[in-house]
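Below you'll find the structure, written out as structure tokens, and then a few comments.
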Amino acid sequence: MTSSAGGSARAEATSSNRHQLSRRTIVFTGTLNPGTRTGASRRGRRKGLPRPALYIRSVRRYPTCVLEVRDLSINFRTRTVETRAVDGVSFRVESGETVAVVGESGSGKSVTALALTRLLPQPPAVYRSGGIFLNGEPVLEMAPRRLRQIRGGQIAYVFQEPSTSLNPVLTVGRQLAENIRLHRPDVRNLRAEATHWLEQVGIAEPAKRIAAYPFQLSGGMQQRVMIAMALSGRPQLLVADEPTTALDVTVQKQILDLFRDLKAKFSMSILLITHNFGIVHGLADRVVVMWRGRVVEQGCTGRVLREPAHPYTRALIDCVPRLGAHLRRLKVVDYDGLEPTPPSR
């Protein structure tokens with residue numbers, strides 16, 4: 008790399024990002040195009056040296072990163088003890104990408120998801136180290152007014168039990184209208200806008216359903232209402248925390264198909280929180296596997312499913328039921344002595 012090419016890449020990185028890009032981050036996100044030519048001549052480049060395009064392409068890709076969680080550690084503190092719930096978690100969500108965070112109950116998935124907009128009550132939660140960046144803006148340093156803007160406006164949530172998220176004494180239309188009024192005050196006809204979003208999530212007769220109360224809807228329809236409410240704020244990132252756990256199998260597939268269609272239609276990013284590897288294939292672009300509050304493996308979905316590197320990942324995949332397979336006892340995985348965080352792929 009010539010000094011001029013390297014200097015320009017570093018200058019571009021410094022001016023276009025509010026926080027410093029480490030070499031590790033640049034190498035992880037960069038892609039190398041063999042046909043790319045830069046200021047450095049191919050013939051004059053010494054064999055074995057990195058191409059200048061590696062750094063330049065990495066810097067240009069960085070603004071497409073919607074969310075970055077960097078070395079995040081969260082404790083829960085009581086009067087007598089302090090427990091680490093999330094330990095050095097790092098991952099990214101690019102624009103238009105679906106990332107699945109997979110792990111058993113208690114692995115820190117939902118705590119991480121709630122931390123993205125600082126929804127964890129403090130105390131007992133304590134953010135010990137690390138950072139969360141939304142379009143490069145540090146969430147952990149945001150003022151309360153800015154936090155209210157991004158909650159539902161830039162990052163929206165869909166939780167696993169819609170009946171506990173919806174207000175039972177208000178119609179779904181009124182609840183949708185309140186959310187639209189909060190995040191998009193320029194909308195004049197709230198009823199028409201609420202009807203529009205119910206239609207977008209596949210609810211039949213949306214003009215009639217906006218007058219219904221939550222208890223008058225099935226579990227699948229309630230979850231569709233929650234998705235419509237999340238989308239009505241036009242967020243950049245949709246966080247779906249176990250969105251199909253409380254639903255029948257056939258309804259689960261309908262909701263997963265809906266997420267897939269909405270991603271293609273609105274080009275939004277999705278962070279899917281789940282314990283089930285069975286719903287990851289065909290929906291997620293990348294997988295982040297969490298265990299005991301740590302990320303033990305992450306990579307492209309196909310590669311992780313075909314060649315899991317960590318024993319815990321293999322155990323989770325083996326738990327997925329397969330049609331026609333004989334019942335067999337799962338292996339007991341001995342986690343003692345395992346390296347908790349192997350290199351990311």
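Just so it is clear: in the sequence shown, position 208 is 215 by my numbering, and no numbers are missing. Quick reminder that beta carbons are idealized off the backbone N, C-alpha and C, glycines included.
| request: Would you tell me roughly how many angstroms separate the C-alpha atoms of residue 57 and residue 153, rounded to the nearest one? | output: Taking the first residue of the sequence shown as 1, we reach residue 57 at position 50. Taking the first residue of the sequence shown as 1, we reach residue 153 at position 146. For residue 57, the predicted model reports a pLDDT of 43, less than 50, meaning its position is unreliable; a value from the coordinates is still stated below. Rounded to the nearest whole angstrom, the C-alpha separation of residue 57 and residue 153 is 41 Å.
| Just how far apart, CA to CA, sit residue 229 and residue 279? | By 1-based counting over the sequence shown, the position of residue 229 is 222. By 1-based counting over the sequence shown, the position of residue 279 is 272. Going by the C-alpha atoms only, they are around 19 Å apart.
| task | For residue 285, name the three-state secondary structure that DSSP assigns. | result | Indexing the sequence shown from 1 puts residue 285 at position 278. In the displayed model, residue 285 falls within a helix according to three-state DSSP.
| Secondary structure at residue 90, three-state DSSP: helix, strand or coil? | Counting from 1 along the sequence shown, the entry for residue 90 is found at position 83. Assignment of residue 90 by DSSP, reduced to helix, strand and coil, places it in the strand class.
| request: With a threshold of 16 other CB atoms inside 10 Å of the CB of residue 33, please say whether the residue is buried or exposed. | output: As a working mapping, residue 33 is identified with position 26 in the sequence shown. Its pLDDT being 34, under 50, residue 33 is placed unreliably in this model, and the value from its coordinates should be taken loosely. By the 10 Å Cβ count, residue 33 comes out buried.
| Option in 86, 212 and 195 with minimal Cα separation from residue 131 | Residue mapping note: residue 131 aligns to position 124 of the sequence shown, counting from 1. Of the candidates 86, 212 and 195, the one whose C-alpha sits nearest the C-alpha of residue 131 is 86.
| said: If you reduce the DSSP assignment to three classes, tell me which class residue 81 lands in. | reply: Within the sequence shown, the letter at position 74 stands for residue 81. Residue 81 carries a strand assignment under DSSP once its states are collapsed to helix, strand and coil.
| task | Find the nearest neighbour of residue 73 within the set 110, 81, 141 and 124, judged by alpha-carbon distance. | result | Within the sequence shown, numbered from 1, the residue matching residue 73 stands at position 66. Of 110, 81, 141 and 124, the smallest CA-CA separation from residue 73 is found for 141.
| query | Going by Cα to Cα distance, which pick from 178, 78, 231 and 243 is closest to residue 204? | reply | Counting from 1 along the sequence shown, the entry for residue 204 is found at position 197. With respect to the C-alpha of residue 204, the residue from 178, 78, 231 and 243 having the closest C-alpha is 231.
| task | Taking only the alpha-carbon atoms, compute the straight-line gap between residue 6 and residue 322 and give it to the nearest angstrom. | result | Nothing about residue 6 can be reported from this structure: the residues present for the chain run from 8 to 352 only.
| said: In the DSSP output, what is residue 72 paired with across the bridge? | reply: Reading the sequence shown from its first residue, position 65 is the one you call residue 72. Assignment of beta-bridge partners to residue 72 by DSSP yields 101.
| query | Looking at the structure shown, is residue 280 part of a helix, part of a strand, or coil, going by DSSP? | reply | Position 273 of the sequence shown, counted from the first residue, corresponds to residue 280. Residue 280: strand per DSSP, three-state reduction.
| query | So what's residue 152 in DSSP terms, helix, strand or just coil? | reply | Indexing the sequence shown from 1 puts residue 152 at position 145. Residue 152: helix per DSSP, three-state reduction.
| query | Counting pairs of beta carbons, one from the region 80-97 and one from the region 116-123, are three or more of them closer than 8 Å? | reply | With the rule of 3 Cβ pairs closer than 8 Å, the region 80-97 counts as touching the region 116-123.
| query | Taking Cβ to Cβ, would you say residue 291 is nearer than 8 Å to residue 88? | reply | Counting from one through the sequence shown, the residue named residue 291 turns up at place 284. Counting from one through the sequence shown, the residue named residue 88 turns up at place 81. The Cβ-Cβ distance between residue 291 and residue 88 does not fall below 8 Å.
| query | What did DSSP end up calling residue 132 once you bin it into helix, strand or coil? | reply | Working through the sequence shown from its first residue, we reach residue 132 at position 125. Looking at residue 132 - three-state DSSP - the assignment turns out to be strand.
| message | Counting beta carbon pairs with one atom in the region 239-258 and one in the region 299-306, are three or more of them shorter than 8 Å? | response | Because the criterion of three Cβ pairs below 8 Å is not met, the region 299-306 and the region 239-258 do not touch.
| task | Would you check if the region 194-203 and the region 149-163 touch, i.e. whether three or more CB-CB distances between them fall below 8 Å? | result | No, the region 149-163 is not in contact with the region 194-203.
| query | Around the Cβ of residue 212, are there at least 16 other Cβ atoms within 10 angstroms (buried) or fewer (exposed)? | reply | By 1-based counting over the sequence shown, the position of residue 212 is 205. Result: exposed.
| What is the DSSP secondary structure of residue 208, counted as helix, strand or coil? | Numbered from 1 along the sequence shown, position 201 holds the residue referred to as residue 208. Looking at residue 208 - three-state DSSP - the assignment turns out to be coil, as it is neither helix nor strand.
| query | What is the residue span of the beta strand (DSSP E) that residue 314 lies within? | reply | Translated into the one-based positions of the sequence shown, residue 314 becomes position 307. In the DSSP assignment, residue 314 falls outside any beta strand (DSSP E) and carries neither an H nor an E.
| field | Segments of 4+ residues assigned as alpha helix (DSSP H) that fall wholly inside the region 232-284 | value | DSSP runs (the alpha helix (DSSP H)) wholly in the region 232-284: 256-273.
| task | Figure out for me which residue from 310, 316, 115 and 329 has the closest Cα to the Cα of residue 285. | result | As a first step, residue 285 is located in the sequence shown; it is residue number 278 there, counting from the start. When each option's Cα is compared against that of residue 285, the closest is 329.
| request: Name the residue from 180, 208 and 219 whose alpha carbon lies nearest to the alpha carbon of residue 261. | output: On the sequence shown, position 254 is the one that residue 261 refers to. Among 180, 208 and 219, the Cα nearest to that of residue 261 is on 208.
| query | Exposed or buried, what is residue 41 when buried is set at 16 or more other beta-carbons lying within 10 Å of its beta-carbon? | reply | If you number the sequence shown from 1, residue 41 lands on position 34. Residue placement at residue 41 is flagged as unreliable, the pLDDT there being 38, under the threshold of 50; the coordinate-derived value follows with that caveat. Label assigned to residue 41: exposed.
| Those runs of the alpha helix (DSSP H) which lie wholly inside the region 148-197 and span at least 4 residues | DSSP runs (the alpha helix (DSSP H)) wholly in the region 148-197: 151-157, 169-172 and 179-190.
| request: State the CB to CB distance for the pair residue 170 and residue 221, rounded to an integer number of angstroms; the pair is presumed to be in contact (CB under 8 Å). | output: Numbered from 1 along the sequence shown, position 163 holds the residue referred to as residue 170. Numbered from 1 along the sequence shown, position 214 holds the residue referred to as residue 221. About 6 Å separates the beta carbons of residue 170 and residue 221, which is inside the 8 Å limit, making them a contact pair.
| message | Is the separation between the beta-carbon of residue 295 and that of residue 308 shorter than 8 Å? | response | Sequence index remark: in the sequence shown, residue 295 carries index 288 (1-based). Sequence index remark: in the sequence shown, residue 308 carries index 301 (1-based). Going by C-beta atoms, residue 295 is not nearer than 8 Å to residue 308.
| Cross-strand partners of residue 297 (DSSP beta bridge) | Against the sequence shown, residue 297 aligns to sequence position 290. Beta-bridge pairing by DSSP links residue 297 to 302.
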